[in-house]
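Trainee:
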Amino acid sequence: DAKTTQPPSMDCAEGRAANLPCNHSTISGNEYVYWYRQIHSQGPQYIIHGLKNNETNEMASLIITEDRKSSTLILPHATLRDTAVYYCIVRERETSGSRLTFGEGTQLTVNP
Amino acid sequence: EAQVTQNPRYLITVTGKKLTVTCSQNMNHEYMSWYRQDPGLGLRQIYYSMNVEVTDKGDVPEGYKVSRKEKRNFPLILESPSPNQTSLYFCASSFKWGAPYEQYFGPGTRLTVT
Numbered sequence: 001d002a003k004t005t006q007p008p009s010m011d012c013a014e015g016r017a018a019n020l021p022c023n024h025s026t027i028s029g030n031e032y033v034y035w036y037r038q039i040h041s042q043g044p045q046y047i048i049h050g051l052k053n054n055e056t057n058e059m060a061s062l063i064i065t066e067d068r069k070s071s072t073l074i075l076p077h078a079t080l081r082d083t084a085v086y087y088c089i090v091r092e093r094e095t096s097g098s099r100l101t102f103g104e105g106t107q108l109t110v111n112p
Numbered sequence: 001e002a003q004v005t006q007n008p009r010y011l012i013t014v015t016g017k018k019l020t021v022t023c024s025q026n027m028n029h030e031y032m033s034w035y036r037q038d039p040g041l042g043l044r045q046i047y048y049s050m051n052v053e054v055t056d057k058g059d060v061p062e063g064y065k066v067s068r069k070e071k072r073n074f075p076l077i078l079e080s081p082s083p084n085q086t087s088l089y090f091c092a093s094s095f096k097w098g099a100p101y102e103q104y105f106g107p108g109t110r111l112t113v114t
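From first to last, the protein sequence lines are chains P and H.
Take 1 as the starting number for the first sequence in my numbering and just add one per residue.
Take 1 as the starting number for the second sequence in my numbering and just add one per residue.
1) Can F102(P) and L43(H) be called in contact, C-beta distance under 7 Å?
2) With a cut-off of 7 Å, does the C-beta of P61(H) fall near any C-beta of chain P?
3) Taking only beta-carbon atoms, is Q3(H) less than 7 Å away from chain C?
4) Three Cβ pairs or more, each shorter than 8 Å: is that satisfied between the region 86-106 of chain H and the region 30-49 of chain H?
5) Please list, in chain order, the chain H residues whose beta carbon lies closer than 7 Å to that of S71(P).
6) Who are the neighbours of L88(H) on chain P, taking C-beta pairs under 9 Å?
7) Is the region 11-31 of chain H touching the region 56-74 of chain H, taking contact as three or more C-beta pairs under 8 Å?
8) Considering Cα atoms alone, identify which of G98(H), R110(H), P83(H) is closest to C91(H).
9) Between R91(P) and chain H, is there a C-beta pair that is closer than 7 Å?
10) Based on the DSSP output, what are the partners of D114(P) in its beta bridges?
11) Determine the direct distance from the alpha carbon of L78(H) to that of E102(H), and round the result to whole angstroms.
12) Take E70(P) as the anchor and find which of P44(P), A13(P), Q45(P), E31(P) has the nearest alpha-carbon.
13) Would you check if the distance between the CB atom of L62(P) and the CB atom of L75(P) is smaller than 7 Å?
14) Spatial neighbours of P7(P) within its chain, please: CB distance less than 6 Å, with the 5 preceding and 5 following residues excluded, ordered by chain position.
15) Measuring only the C-alpha atoms, how far is G16(H) from T114(H)?
16) Which residue's Cα is closest to the Cα of Y47(H): E1(H), E62(H), L41(H)?
17) Step through the CB atoms of chain H and report whether any lies within less than 7 Å of the CB of Y32(P).
18) Quick check on N84(H): does DSSP put it in helix, strand or coil?
19) From what residue to what residue does the beta strand (DSSP E) around Y32(P) run?
20) Can you tell me which residues form a DSSP beta bridge with R110(H)?
21) With 8 Å as the C-beta to C-beta threshold (strictly closer), list the residues of the region 1-17 of chain P near chain H in chain order.
22) With a threshold of 16 other CB atoms inside 10 Å of the CB of L108(P), please say whether the residue is buried or exposed.
23) Using the Cα positions of M10(P) and K52(P), report the straight-line distance between them to the nearest angstrom.
24) Checking 7 Å against the spacing of the C-beta atoms, do T43(P) and P8(H) come in under that value?
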């Protein structure tokens, strides 16, 4: 699976959009981009994933650049409960073992 | 409610005393997996199962056993726990293995071995 690079930390004001970047410059054509988050010591929570097109669900939006070398997770109206470590992961379709490789992630702190 | 449950949530035990951490999912998922999380090391996969009676080693299987006799359950067994198995453990499941299927995680089991 391709390696990802994320900033170690970000801050965001409550009610504002949080834009979390991820670089995956070595991504291959059959690799998906996934985002998970982990609120302190809780189980990681799936947020969203995409292959080529931008995606939106009830939690967030995922913007993938045309060359697929980077992406941005957008939380449109961040709340204090969105404070968590956010992980960007790329996964090859039908990877044997289906291991999720979590990197260091981005610690997002939402401030009142 | 669709969920992955783990029991117990917290456990303190002594070296060598066999223990089992249970994991159950109610989503009819084929794929299940165990991870451990340690400070500075992130999440590491212990074992996984692609379906009933099909299990395989992950990255750190030493000292652990698993079984998958039913689709919904995937217990993690520590035959002779040691202090280096003190960790936070997560069970996860997904509809099938691999992308594009997302994995759902349980709430975690914090294990301390003294």
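From the three backbone atoms N, C-alpha and C, an ideal C-beta is built for every residue, glycine too.
Since this is a predicted model, take the numbers as computed values, not measurements.
Mentor: Checking against the coordinates, here is how it stands:
1) yes
2) no
3) The structure shown has no chain C; the protein chains it does contain are P and H.
4) yes
5) None at all; the shortest Cβ gap to chain H is about 15 Å.
6) S41
7) yes
8) R110(H)
9) yes
10) Residue 114(P) lies beyond the range of chain P shown here (1 to 112); nothing can be said about it.
11) 27 Å
12) The question names Glu, but residue 70(P) is Ser in the sequence shown. It is E31(P).
13) no
14) T106
15) 10 Å
16) E62(H)
17) yes
18) helix
19) 31-38
20) Y10(H), L88(H)
21) none
22) buried
23) 26 Å
24) What sits at residue 43(P) in the sequence shown is Gly, not Thr. No. Outside cutoff.
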